[in-house]
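K.L.:
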Amino acid sequence: MGYRLFAIRTELTNSAKPPRSYDFEVLTIGVSSGGVRASRFTANFGALVAVSSFRLLLYLLRLSQM
């Protein structure tokens, strides 16, 4: 069974704080009971996990294209 690595980078352009980057090994899209359970199960094996709702992910992708 293979795996994919994800890297998400967000930048705040209108803030005095420096840009941040976040690196995750697993990105779970969906915060239903199945998504949360899969994320917790994966995190128990030591993976860095991010959980996002589909709407939030679309919003962040739109911001990154501006």
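Sequential numbering from 63 applies to the sequence shown in my numbering. We treat Cβ as the ideally placed atom computed from N, Cα and C, and that holds for glycine.
1. Where does Ser101 land, buried or exposed, given buried means 16+ other C-beta within 10 angstroms?
2. With distance defined between alpha-carbon atoms, name the residue in Leu89, Leu122, Leu123 and Tyr84 nearest to Thr104.
3. With C-beta atoms as the reference, is Glu87 less than 8 Å away from Leu119?
4. Shortest alpha-carbon distance to Gly92 belongs to which of Ser115, Leu123 and Asn106?
5. What is the residue span of the alpha helix (DSSP H) that Val98 lies within?
6. Per DSSP, Ala112 is paired with what?
P.N.:
Looking at the coordinates:
1. By one-based count along the sequence shown, residue 101 stands at place 39. Note on Ser101: 16 or more other CB atoms within 10 angstroms of its CB, so buried under the neighbour-count rule.
2. Your numbering for residue 104 matches position 42 in the sequence shown. Selection Leu89, Leu122, Leu123 and Tyr84 evaluated against Thr104 yields Leu89 as nearest (Cα-Cα).
3. Counted from its first residue, the sequence shown places residue 87 at position 25. Counted from its first residue, the sequence shown places residue 119 at position 57. The Cβ atoms of Glu87 and Leu119 lie no closer than 8 Å to each other.
4. Taking the sequence shown and counting its residues from 1, one reaches residue 92 at position 30. When only C-alpha atoms are compared, the closest one is Ser115.
5. On the sequence shown, position 36 is the one that residue 98 refers to. Looking at the DSSP string, the run of the alpha helix (DSSP H) that includes Val98 is Ser95 to Asn106.
6. Sequence index remark: in the sequence shown, residue 112 carries index 50 (1-based). Beta-bridge pairing links Ala112 to Leu89.
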